[in-house]
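Take a look at the structure below.
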Amino acid sequence: MDGKIKFPISALNLNYTFNGGQAFRWKCLEDNSWIGVFAHRIWKLRQDEEYINFEAVKSSNTPEEDEAALLIDYFRLNEPLNELYDEWAKCDPIFSEAAKKFTGVRMLRQEPIENIFTFICSSNNNISRIKSMVEKMCTFYGSEIGVVDEVKYYDFPVVENLAKSSVLNDLQKAAFGYRAKFIQQAASKIVEFGGHDWINELKKLPYDEAKIELMKLPGIGAKVADCICLMSLDHLEAIPVDTHVFQIATKYYLPHLKNVKSVTNRVYNEIGDHFRTMYGKYAGWPHCVLFCGELKIFQDSPTEKRKKPEQLKPKKHKKTKVS
DNA sequence: GGCCGACCTGTGAG
DNA sequence: ACTCACAGGTCGG
2 MDGKIKFPIS ALNLNYTFNG GQAFRWKCLE DNSWIGVFAH RIWKLRQDEE YINFEAVKSS
62 NTPEEDEAAL LIDYFRLNEP LNELYDEWAK CDPIFSEAAK KFTGVRMLRQ EPIENIFTFI
122 CSSNNNISRI KSMVEKMCTF YGSEIGVVDE VKYYDFPVVE NLAKSSVLND LQKAAFGYRA
182 KFIQQAASKI VEFGGHDWIN ELKKLPYDEA KIELMKLPGI GAKVADCICL MSLDHLEAIP
242 VDTHVFQIAT KYYLPHLKNV KSVTNRVYNE IGDHFRTMYG KYAGWPHCVL FCGELKIFQD
302 SPTEKRKKPE QLKPKKHKKT KVS
């Protein structure tokens with residue numbers, strides 16, 4: 002490994018953080034290390050009790066940087082997570098319960114362009130297809146960073162590449178469906194608005210104004226805009242209200258919304274405001290912890306199935322890997 | 001301003 | 001094998 006950061010595993014859980022619906026490019030390898038891309042590098046991460054061990058591969062034309070600092074920024078390691086958990090637990094017994102299992106969930110600070118186009122793909126879509134679409138964008142339009150374990154890794158494409166007119170046809174052929182048009186058009190608009198300067202403005206604007214700006218892009222409605230605000234623009238009070246969050250809200254906090262026909266703008270804002278009133282400025286973070294509790298991927302693990310008895314049905318042809 | 005239906009396509013449960 | 005609802009929603013009427 003290239004380096005290590007002294008950081009307890011109790012305050013960063015890579016599994017919950019990477020599989021909690023924030024990012025779509027991280028993969029867990031058989032030796033329990035994680036491999037993924039950000040900051041123009043291929044990262045291999047491996048934790049032990051005390052340290053985050055890391056290895057970073059970059060292309061020859063990528064400038065040197067303090068790579069530990071890049072990790073600290075990406076994982077927001079300077080945020081005292083245990084203290085924050087304590088605060089949120091005081092505000093909310095439901096959080097307190099979820100926090101017992103979901104420790105070390107960190108809001109990543111992702112790259113806005115990647116975040117924007119990933120979440121345009123996410124709408125009305127399933128996780129595995131979202132992942133494959135993101136990888137397609139990277140291999141089609143991203144530059145190769147390097148090879149690790151005989152696998153090529155690509156950077157997320159620059160926005161100018163996604164704005165090209167040929168992208169529409171390419172992505173339609175690659176089965177992107179109606180999102181092909183959203184991607185090409187959104188990229189064009191971002192370039193038109195000023196590219197990275199526009200992105201940087203969004204970070205400086207107040208949350209609600211940044212959200213309005215984002216919603217000028219095709220394929221970005223309230224929910225996706227909130228994902229982007231929360232995950233890559235440092236607006237941690239954003240609460241993306243999707244089907245899962247709606248379920249959580251009606252089950253635990255706002256039962257009167259149980260039989261609304263659809264999540265209208267009014268309902269959407271009521272749910273977000275409820276979380277913000279409860280938790281304050283960082284509301285999106287504890288929301289993310291609660292969200293983990295709703296995800297299928299984190300349920301029914303053999304050691305802790307206590308949710309639904311009917312899921313104890315015998316599984317056919319289930320092969321268990323023995324390591 | 002709120003509500004409703006259509007929407008590309010792959011995945012996974014039945 | 002073969003449906004068919006659904007997937008971290010958005011858009012236009």
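Numbering (the working numbering), first residue to last: 2 to 324. Note that CB positions come from ideal geometry on N, CA and C, so glycine has one too. Given the structure is predicted, the values throughout are model-derived calculations rather than measurements.
{"Check": "Q111 - DSSP class collapsed to helix/strand/coil", "Outcome": "coil"}
{"Check": "Which of helix, strand or coil DSSP assigns to Y52", "Outcome": "strand"}
{"Check": "Beta-carbon contacts of P303 that lie in its chain and below 8 Å, excluding the five residues immediately before and after", "Outcome": "Low confidence applies to P303: its pLDDT is 46, below 50, so where it sits in the model is not reliable, and the reading given next is rough at best. Within the same chain, P303 has no close Cβ partners at all."}
{"Check": "CA nearest to the CA of E326, picked from H197, G147, E145", "Outcome": "Only positions 2 to 324 of the chain appear in the structure, and residue 326 is not among them; the question remains open."}
{"Check": "Closest by C-alpha distance to F55, when choosing among N62, T63, D67", "Outcome": "D67"}
{"Check": "Distance between beta carbons of A187 and P219, contact taken as under 8 Å", "Outcome": "6 Å"}
{"Check": "Buried or exposed (CB count within 10 angstroms, at least 16 for buried), N266", "Outcome": "exposed"}
{"Check": "Helix, strand or coil at G334 according to DSSP, with G and I counted as helix", "Outcome": "Past the edges of the chain, shown from 2 to 324, lies residue 334, and the structure says nothing about it."}
{"Check": "Nearest candidate by alpha-carbon position, reference C293, set L258, Y280, D243, N270", "Outcome": "D243"}
{"Check": "Under 8 Å between C-beta atoms of A181 and L82", "Outcome": "no"}
{"Check": "C-alpha distance - A57 paired with E80, whole-angstrom precision", "Outcome": "23 Å"}
{"Check": "Start-to-end residues for the alpha helix (DSSP H) that takes in K153", "Outcome": "Unbroken run through K153 is the beta strand (DSSP E), 152 to 155; no alpha helix (DSSP H)."}
{"Check": "Cut-off 7 Å between Cβ atoms - residues of its own chain near G143, not counting five sequence neighbours on either side", "Outcome": "Y155, D156, F157, P158"}
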